[in-house]
Structures are given as structure tokens and as C-alpha cells.
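With numbering that gives the first Met the number 0 applied, the sequence shown covers 0 to 360.
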Amino acid sequence: MELNITCIPGDGIGPEIVREAKKVLNKVAKCYGHQINYTDILMGGASIDVHGVPLTEEAVETAKAADAVLMGSIGGDTTTSPWYQLPPNLRPEAGLLAIRKALNLFANLRPAVLYEELAEACPLKPEISEKGFDMLIMRELTGGLYFGERRTVEENGVRKAVDTLTYDEKEIRRIAVKGFDIARKRRKKVTSVDKANVLDSSRLWRSVVEEVAKDYPEVALEHMLVDNCAMQLVKDPAQFDVILTENMFGDILSDEASMVTGSIGMLASASLNDTKFGLYEPSHGSAPDIAGKDIANPIATVLSAAMMLRYSFDLDKEADAIETAVKEVLKEGCRTGDIMSAGCEQVSCSRMGDLLAERIR
């Protein structure tokens, strides 16, 4: 199979972690008989330095022409970098917002996995963490409260702010279809999270999700109110497979889920449109303080590449091979500094990439 991938190394540790992800992907291609064509583009601070803007139209067109996009990290030190002396629309993160809009990326996927070997980093009680968990939060990314009409006015001498939460059934249906499609690749369970006891938007959300569920009889559906879900994430995270929810709830719940894993350096993510196309990136930031030191953790980016193989190319065996390699390396006691613990061997970013690639088979 021929895979056309646009890569955005980005800023900070981005070039280092993307380099290691490519290393692992190249080994996958060799073992499974694929051809990968990479095209690198600039975005964020790297693009500002060269082009004066965080994202060019040429870069967008290159991304659109690919089958998928693999990204490192965007941004720098907000207190010292000259990028943050620019107007907000010209700062590094504006490039990320622009490419999400240009590529119509409406579905955000955030896995939260607690590996047995890293269980001691989990902040939950041992009786909870020892069971482990492997969930994926599917968040609607382009609608809801964050994108509704908003205004601040003064009435009778009193300031008043209004934010509008709006969803239509088409927006809900397309994210629900994505959620059920992905649940079929996992453990076949969807937990749809809403606030249907209060909000009209949530009642519509629940109704449309139930309609979509009829097309997926093999996938179990349950509904859960968002406040209960927030509690259950720390009480019994092992119960979840795919959590399907709207924009603001997903923003909050995905951050909560990432923290109970105990290590943000292990967390992948993806943003998908209504085709197989997606943008895949680690959940962590650009870490400019360690950039260029070869000490960053590339595993989140490598796992993002595995998600790319699974969801954009339907290469499940190849994705499984990457995820198995990660588990094997961790079981052997190899760690980058951010996940280092007593009795383990600390390795560099590049060495971790080598170890992961060696275990692809």
C-alpha cells in the first residue's frame, strides 16, 4: 500500500519526536510491504521564522493533498519567544486553529491508557490503578459553546455576558457515526456523555445518538450525565471504552482522563474529518526547555502514528505492531526521563525510537 503522509515537525521538541515516529513507520513499511511518501511542511513558529505567518496557503494545500498528517508540536516559551510579541492571529497556535478549520477536522480522539508498567505513576488508589484502563474520548471539535454566538453588554449599568450553545442534528450525527465506527475497532462499547436532564442541546444529542446506534447493533450504548462521568473517571476508569461527547464536556473530560494516566508523554491524539483523513499529534506541548537535547519522550508521537495507520489507512495489524512494541520496551524497563523510575534504564529520545523500531515485526 502507498501511504502519502504530510509531516509537520513544528517547534520545540517537535522535529525530534517526529523523526523517531518516522523511524518506526519506516520499519513498519519494511516489514509489511508498504511504501511511505513523506512531505514536510512548516507550521507554527518555524513557519513564522521563514514566512512571517504561522501557516501558508501552500502548506494547507500540501496537507490537503495527503492521505493523513502527522504533527509534532507547535509553540514556544510564551514569556521569552518573539513569536508571542506578535498579534494573536500571527502567533504559532493560530496555525493549528487554521489548519483544523481548513481540513474540516470536527472529531477529536484522545486515548487514555494506563500501562501496567507505569501504574505507579497513576494518582489513583492502587486498587483502582491495578486494573488498568484503555479508553478513548471522542470529542466534537467544531461546534457547541466554543463556536456559538457570544457577546458582552451592559444593561442598566450591569455587565452581562452571553455565550450560546448550539448543535444541529447533522453535527451530532457525524460525530456519533465516527464514535461508533471506532468502537467497532475496539471493545464495542460507547458511553455517550451529555447533560440531558438540563440542556435542550443534550436532549437532541441523546436522541440523535440513539438513532445512530440502531445502525450498530453489535456496539453497546449507554448514556451518562457529564457530572457522573467526571466522577466515574476517577472511581472506575476501567469501565470505559469510547466516550462520545460534545465540545466543552470533551475538553474537560479528556484533560481529566489524561491526568489519571500519570504521564502526558504517553498520550496520543487525532483529529478527523468526514473521510478517512486525519491529523495525528501527541497531546503534550513543545517543551522548548528541552528542545535539541535528545531527551524528549517520542512515545506519544509514535502512538499517534499508530492511530494514523489504524484510522486513516485501516492498517490494524500494523497499528497493533507499534502498540505491542511500546508495551515490550516498557516491560523491558527502558524509559525516557519523564517516565523514569527506580530500577529502569534511562534512554535518549533517539534511542527510544531505535528500540521501538527494532521490535516491529
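C-beta atoms are modelled at their ideal positions from N, C-alpha and C, and glycine is treated no differently.
Fair warning: this is a prediction, and the values are worked out from it, not measured in the lab.
Residue i versus residue j: straight-line alpha-carbon distance, rounded
| i | j | result |
| --- | --- | --- |
| A58 | V23 | 25 Å |
| R90 | K130 | 42 Å |
| Y310 | T300 | 15 Å |
| I263 | E209 | 33 Å |
| A67 | I12 | 21 Å |
| E148 | S200 | 15 Å |
| I7 | E119 | 33 Å |
| W82 | D76 | 9 Å |
| Q34 | R99 | 27 Å |
| G284 | K29 | 30 Å |
| G9 | Y279 | 13 Å |
| V241 | M134 | 6 Å |
| D288 | E116 | 27 Å |
| L113 | K184 | 19 Å |
| Y145 | D167 | 15 Å |
| T79 | L85 | 12 Å |
| R158 | D250 | 27 Å |
| N272 | A62 | 13 Å |
| P87 | V52 | 11 Å |
| F276 | K169 | 19 Å |
| P216 | I174 | 18 Å |
| K177 | E245 | 13 Å |
| F132 | F239 | 8 Å |
| K330 | R358 | 12 Å |
Collapsed DSSP secondary structure at residue i in the structure displayed
| i | result |
| --- | --- |
| H50 | helix |
| N272 | coil |
| A160 | strand |
| E170 | helix |
| C30 | helix |
| A267 | strand |
| V155 | Note on identity: in this sequence residue 155 is Asn, with Val being the wrong assignment. Reduced to three states, the DSSP call for N155 is coil. |
| E116 | helix |
| A318 | helix |
| G94 | helix |
| N285 | For clarity, residue 285 is Ser in the given sequence; the question names Asn instead. Reduced to three states, the DSSP call for S285 is coil. |
| S311 | coil |
| S363 | Residue 363 is absent from the model: the chain starts at 0 and stops at 360. |
| R350 | helix |
| G178 | helix |
| G372 | Residue 372 lies beyond the stretch modelled for the chain, which goes from 0 to 360, so this question has no answer here. |
| L302 | helix |
| A295 | coil |
| K100 | helix |
| I251 | helix |
| P14 | helix |
| G43 | coil |
| I359 | coil |
CB contact flag (residue i, residue j, <8 Å)
| i | j | result |
| --- | --- | --- |
| A295 | A286 | yes |
| L140 | F105 | yes |
| L354 | V328 | yes |
| M137 | I181 | yes |
| W204 | D214 | no |
| E60 | P297 | no |
| A267 | L232 | no |
| T335 | V325 | no |
| F248 | A212 | no |
| P281 | I73 | no |
| A356 | K26 | yes |
| A65 | N3 | yes |
| A219 | K187 | yes |
| T260 | A111 | yes |
| N107 | S270 | yes |
| L252 | T190 | no |
| E344 | G352 | no |
| L69 | S340 | no |
DSSP bridge partner residues for residue i (one or two, in chain order)
| i | result |
| --- | --- |
| E139 | A106 |
| K188 | A219 |
| G261 | Answer by DSSP bridge pairing: none, since G261 is not bridged. |
| Q345 | R334 |
| N3 | N36 |
| G277 | L271 |
| A67 | I4 |
| I242 | I136, T190 |
| A111 | M134 |
| G9 | S72 |
| L224 | D193 |
Any chain C beta carbon closer than 8 Å to residue i
| i | result |
| --- | --- |
| A20 | The structure shown contains no chain C; it is built from a single protein chain. |
> Are there three or more Cβ pairs, one per stretch, closer than 8 Å when the region 34–51 is compared with the region 117–136?
Replying inline: no
> Does the region 217–224 touch the region 88–103, meaning 3 or more C-beta pairs lie closer than 8 Å?
Replying inline: no
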